[in-house]
Structures are given as structure tokens and as C-alpha cells.
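Read the structure below first, then the notes.
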Amino acid sequence: AAELGALHNLAGWVEFSRLQFAPAFRHFSYAGVDVLRIISFWSADLPKWWKTPSVYSEENSSQFSSTRLDRALVPPVQEVSRFIRHRTAQTKAGDGGQQGEAKHQVLLELANSSMATFLSKERTSLLLGRPERVDWDALREVANAAASAGAVARAAETKEELLSLLLTLVDTLLFLLMVEGDDERWKGLLLGSQQPLTCSVEDCREFLLSIDRPDALAVMLSRFGFREQALEMWAKIVKGELRIAPRATTVSDGVQEMLALLHAPELLGDSGHDDSVQMKDKQREEELLARYAPLVLRADPTSARQLFFSSPGTTSRYRISPTLVVKLLQGVEDPCLSQRLQESFIEEVVMKAPDEQPQTCCQEREEDREEAERQFALWQQEARELQTQLAKTYIDRLLASSPSATEAPGGQMQPSDVDVREKLLRLLETKENYDVHALLLKVEGSWLLKEAAVLYGRLGRHLDALHTIAVQLRDESTAEAYCLMMNDALQAFVDRLSPEEYSSLVASDASFEIPPTSNGNNLFLQP
């Protein structure tokens, strides 16, 4: 078996020297070849701290005689691109110019592809703890170089530590070769839930930028928890500040990637790689939205809607200032789309805002629970302040569509207007924090008589409310129902009066000026 392995090893290097990379790596797969020696040919792709072991250099290549290989058949290590250029110059010096460069590029791509396939298998062996063959002296030399450059805290000493370093080198080179070759497997390698990559972002950053694949770097940053850096990288890509290689096909949609990073910080908060990932601070999260949401909104306003319309019951939706969101939506270039998005968002906030803090985990720390309650209270206050803005929007739309001063019959209203009016009445009757006086100024004298009656009731002007219902609307049943509701609502007030105070109140119109009670939801018309 050892002799057969040595034969495959020799045959592999012979084919490698002939630039027949596919058969060369097939032999290497059977030979149990020293993977570190092969990796050394791709030194340009390796981390900056990499230093080719002296045992692989030309003047020391005789040390490789321990495998009884003919020194003349095992090439000294040099960067693979230069190696290919040197070998083609030796074998076919006549090729030159564009034809020679094209041939060189084809051979280099073939070498990279074959190496990636080989490294993928080698990675599996290393993960299983079955390295076929390792030159421990060479690996220790690499470990010392890494320690000297500060890439690791200390030089690896045990075999387990040395193999871990070798796996890191294999992962780094495999990932970069797959990206450079536009091999779609690089995403699975990076994003797969099993056996995550052991390489670092910094060891890959410079190379990925040099081959115009900032998208791969952005995905890597996101995968390893550098959320803000990933957002900035995608933003530069979307704005065209960073170029992506024209031949690249395994490119993600930058806008969708930004949406994912902005939309779900809670999914990334436990990665532990970067303090900036811990996006629990409301102010910081809003700063990220203010910085990056306008770019996403300009690129794809409809898809960006998901940033602000999260699922009910989730605590994250109460960490973002509604006022900030409205300001961002106002920046959408299409005025009609901007208006629709603003209205939809305000409806979501105003009409679906819960009255109580959503339930949180029972094991949540007391200080975290108090902070969540504080943030929710701030969010709820801003949501209430938007009630007036939403009601004005509804009123303006209704008056613009049917400006008649008389009550518009239901059958003559457009279906869309009927829906808007139902929303307006529901808001006026069920919410309590809008500016009643401001809204009454807009509806008084118009055909929005039901709305005026509700607002009169909110101000305690019950005589005006009844006059509107009974005289102008000629709706006796609703007027009777209103009186019954007022009777129930004011009973507690009346019970506190003395007989003399009650008689005086009945003899005057003052009863119709009594402000509504705190339980005002039952005082007004139902839609």
C-alpha cells in the first residue's frame, strides 16, 4: 500500500508538472499526498502571514527524499500562476500575446477548479480526524509564522492544534477558490449549518476585494456576525461604489440582503462575533434604519415595506420609532407610493397597536423586562400621536371625493370611500388620543355628519350631537340609542349629585355639556 501510494504521489507530481491538473489531483487523492505542499502553490490566496515552509523551497527540496521520489520529478514550490507561466514557456515558447494569455488563464482556472475539488475531500478527512499525510515539521514552521505575525495567540504545539491550523488553511483556500471560480457551492460552504468554516474574515477580505467579489465578503461578514459591516458593504454595492466581477453569476440581491439584515437583528444577536451585533439598543437600531432604509426604499419601496410591518406580537416591532418610520417613508420618490406606504404604516400602528405590553419570556431578567416596558410605552405614545394625522388623511380623502355639504347617501359612494369612512368612524369611536378640536374644524359644515356627531360627543357637546343625529341625519333610532348610552355613562356622575344639584341640572341645558367619562368607548355611534 505504501509503494502504491508513493507511485500515485510521483504520478501526480509528474502530471502536475505537465499542467495536467485533473489527472494530477486524481493521483493525489489516492496517494495521501502532503496537502500543505500543494497548498503552498497557492500562496497568493493565503493569509498575509503565510510563509512557505523552507522544506518546500528549491534549495531544500532534497529533504523531500524521505518518500524516495526522484527530485527531478517533484517541482519546487512557487505561486501557481507563475508556475504555469514558467512551464508553458518551457514547453511551448512559441505561444505569446493574447493567445498565450488566454491559454494561461484557462490553465489557471483548471488548476483552481481541480484544487477546489481536492481540498473539499481533504477537508472532509480533516474533519473526521483522518489526515492521510502531514509534514509536521513544515506545519510547525507555518504555525510559528502565524504566531510571529500575531494571527494566533501562540504557536500551535500539539498535533490537534496543528491539524486545526491546517484545517483553517484548507477552509480559507477552498472558500476563496470557489468564489473566484464562481462555484455556487461557496454559499453552501459558508452558510451551511454543519461544519462551519474555520477561516476568518480578515484572512479573506483583501483577496475577495481584489477579485471584485465584495458580495461574497458581505455574505461572509453577515455569516460571522459583523452585521453593520455587512450592511455597509451591501450599501456600497447597491449604490454602485463597489464593482462585482461581470462574469459572476452567484451574486445575491443586495437589496434583499439589506432587508434581511435590517429586518431581523434579533436573529443575529447571539452570534458572539461582534459587539455591534447586539442590536438591543433602540437608538442604535434606529440609526441603522435612518442610514440604510432610504437606500432600500429607493431601490424597492414595495419590498422594503416589510421593514416596518412586522408580525403582531413580536417585541422588535415596538423598538422602532413610528415617527422615524413615517419620515423615512416620506422620502420615497414616488409621491403616490409614498402616501400609500405612509397611510398603510400609520393604519398598522394606530389601529392594531395593543393596549398592553406583549408577553415576554417568563425567564427574562427584571431589568430587561423593565427596559422592554419602557420602550413599548414610548412606542405607544408615538403611535397615539399619529391618530390625528391618520384621521385627517381619511377626512381629506372623503371630502375630496364628495365635497357636497349634504350627507352623501351610502349607495352613491364609491366602495373605496365606504371603506375609508368605516375606518374613520372606527378610529373616532375606539381611539382616545387624537385632537378632537382640530378634526371637528375639518368636518363641521360638511356632509360628514356622523363624524361630527362623534366628535361633539367627545367634547361633551351632547346637545349638538343629538341635534346632528336626530335633525340633520333624521336617524331617530340612533338618537335614542345615543341617549341610552349617555344615560348609562352619566349615571355615576348623577349618583354623586345632591337632590338640589340634580334638580338644578335638569332645569338647565348643562347636562348636555358634561364631558364624557373615562369609559368613553360606549358613548358613541357604532359603525
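Every letter in the sequence shown is one number past the one before it in the working numbering, and letter 450, counting from 1, is 1797.
For every residue, glycine included, the Cβ atom is placed at its ideal position computed from N, Cα and C.
Is residue i buried or exposed, if buried means 16 or more other CB atoms sit within 10 Å of its CB?
| i | result |
| --- | --- |
| Gln1722 | buried |
| Arg1683 | Looking at the sequence provided, one finds Cys at residue 1683 rather than Arg. Exposed is the call here. |
| Arg1470 | buried |
| Leu1520 | buried |
| Pro1561 | buried |
| Gln1838 | exposed |
| Met1626 | Residue confidence for Met1626 is low, a pLDDT of 40 falling below 50, so the modelled location carries little weight and cannot support an answer. |
| Val1585 | buried |
| Lys1395 | exposed |
| Asp1842 | exposed |
| Glu1613 | At Glu1613, the pLDDT of 48 sits below 50, so the modelled position is not reliable and the matter cannot be decided from this model. |
| Gly1476 | exposed |
| Lys1699 | exposed |
| Glu1588 | exposed |
| Ala1879 | Residue 1879 is absent from the model: the chain starts at 1348 and stops at 1874. |
| Glu1604 | buried |
| Leu1351 | exposed |
Near residue i, which residues of its chain fall below 6 Å by C-beta distance, leaving aside the five closest residues on each side in sequence?
| i | result |
| --- | --- |
| Phe1363 | Ala1371 |
| Arg1480 | Gly1379 and Asp1381 |
| Ser1850 | none |
| Ile1820 | The sequence as given places Leu at residue 1820; Ile does not occur at that position. Same-chain partners within the cutoff: Leu1796. |
| Ala1496 | Trp1396 |
| Arg1590 | Asp1559 |
| Ser1865 | Here Ser1865 scores only 44 on pLDDT, less than 50, and its place in the model is too uncertain to base an answer on. |
| Asp1550 | Pro1394 and Thr1519 |
| His1620 | Low per-residue confidence applies at His1620: pLDDT is 40, beneath 50, and the placement is therefore not dependable, though the value from the model is reported in the following sentence. If we look at His1620 and ignore the five residues flanking it on each side, its Cβ neighbours are Phe1571 and Gly1572. |
Flag this pair as yes or no: are the beta carbons of residue i and residue j separated by less than 8 Å?
| i | j | result |
| --- | --- | --- |
| Ala1799 | Leu1788 | no |
| Ala1490 | Leu1512 | yes |
| Pro1669 | Leu1733 | yes |
| Leu1544 | Leu1536 | yes |
| Asp1559 | Ala1582 | no |
| Leu1466 | Val1517 | yes |
| Leu1564 | Arg1552 | yes |
| Asn1780 | Arg1744 | no |
| Lys1468 | Ser1376 | yes |
| Thr1597 | Trp1533 | yes |
| Ala1391 | Glu1426 | yes |
| Leu1297 | Leu1725 | Past the edges of the chain, shown from 1348 to 1874, lies residue 1297, and the structure says nothing about it. |
| Glu1694 | Leu1642 | no |
| Pro1875 | Trp1360 | Nothing about residue 1875 can be reported from this structure: the residues present for the chain run from 1348 to 1874 only. |
| Val1548 | Ser1599 | no |
| Val1790 | Ile1742 | yes |
| Val1679 | Pro1648 | yes |
| Arg1434 | Leu1366 | yes |
| Ser1748 | Asp1764 | yes |
| Lys1398 | Ala1492 | yes |
| Tyr1639 | Leu1578 | yes |
Near residue i, which residues of its chain fall below 7 Å by C-beta distance, leaving aside the five closest residues on each side in sequence?
| i | result |
| --- | --- |
| Ala1494 | Arg1501 and Ala1502 |
| Leu1538 | Arg1570 |
| Ala1646 | Val1585 and Val1602 |
| Asp1782 | Thr1735 |
| Gln1576 | Leu1568 |
| Pro1478 | Ser1472 and Leu1510 |
| Thr1740 | Glu1690 |
| Glu1729 | Ser1668, Pro1669 and Thr1670 |
| Glu1633 | Ile1667, Ser1668 and Leu1671 |
| Thr1438 | none |
| Ala1595 | Asp1529 and Arg1560 |
Below 8 Å CB to CB, which residues in the same chain sit around residue i once its five sequence neighbours on both sides are set aside?
| i | result |
| --- | --- |
| Ala1752 | Its pLDDT being 49, under 50, Ala1752 is placed unreliably by the model, and nothing is read from it. |
| Leu1676 | Leu1644, Phe1655, Ser1685, Leu1688, Gln1689 and Phe1692 |
| Tyr1506 | Note that residue 1506 is Lys in the sequence shown, not Tyr. Only Trp1483 meet the Cβ criterion. |
| Leu1420 | Leu1357, Trp1360, Val1361 and Ser1364 |
| Leu1784 | Residue 1784 is actually His in this sequence, not Leu. If we look at His1784 and ignore the five residues flanking it on each side, its Cβ neighbours are Leu1806. |
| Ser1404 | Pro1423 and Val1424 |
| Ala1369 | Leu1457 and Ser1461 |
Examine the ligand MN and report whether any of its heavy atoms sits within less than 7 Å of the Cβ of residue i.
| i | result |
| --- | --- |
| Val1380 | Annotation note on the ligand MN: not contained in the displayed structure, which lists no ligands. |
Flag this pair as touching only if the region 1466 to 1486 and the region 1378 to 1397 have three or more C-beta atom pairs under 8 Å; answer yes or no. Cβ pair count under 8 Å is three or more, so yes.
Identify every run of the alpha helix (DSSP H) within the region 1508 to 1592, keeping only runs that are complete inside it and at least 4 residues long; order them along the chain. Along the length of the region 1508 to 1592, whole alpha helix (DSSP H) runs at least 4 residues long occupy 1532 to 1538, 1548 to 1557, 1561 to 1570 and 1574 to 1585, reported in chain order.
Counting beta carbon pairs with one atom in the region 1458 to 1467 and one in the region 1521 to 1536, are three or more of them shorter than 8 Å? The answer is yes - the region 1458 to 1467 touches the region 1521 to 1536, with three or more Cβ pairs under 8 Å.
With a cut-off of 8 Å, do at least 3 Cβ pairs link the region 1595 to 1610 to the region 1637 to 1655? A contact is defined here as three or more CB-CB pairs under 8 Å, and the region 1595 to 1610 meets this definition with respect to the region 1637 to 1655.
Touching or not, the region 1834 to 1841 and the region 1810 to 1817, by the rule of three or more beta carbon pairs under 8 Å? Cβ pair count under 8 Å is below three, so no.
Report the start-end ranges of each alpha helix (DSSP H) in the region 1805 to 1857 that is 4 residues or longer and not cut off at the edges. The region 1805 to 1857 contains these whole alpha helix (DSSP H) runs: 1809 to 1814, 1823 to 1842 and 1846 to 1853.
4-residue-minimum alpha helix (DSSP H) runs that sit fully inside the region 1422 to 1484, ordered along the chain: With a minimum length of 4 residues, the continuous alpha helix (DSSP H) runs that stay inside the region 1422 to 1484 are 1427 to 1438 and 1444 to 1474.
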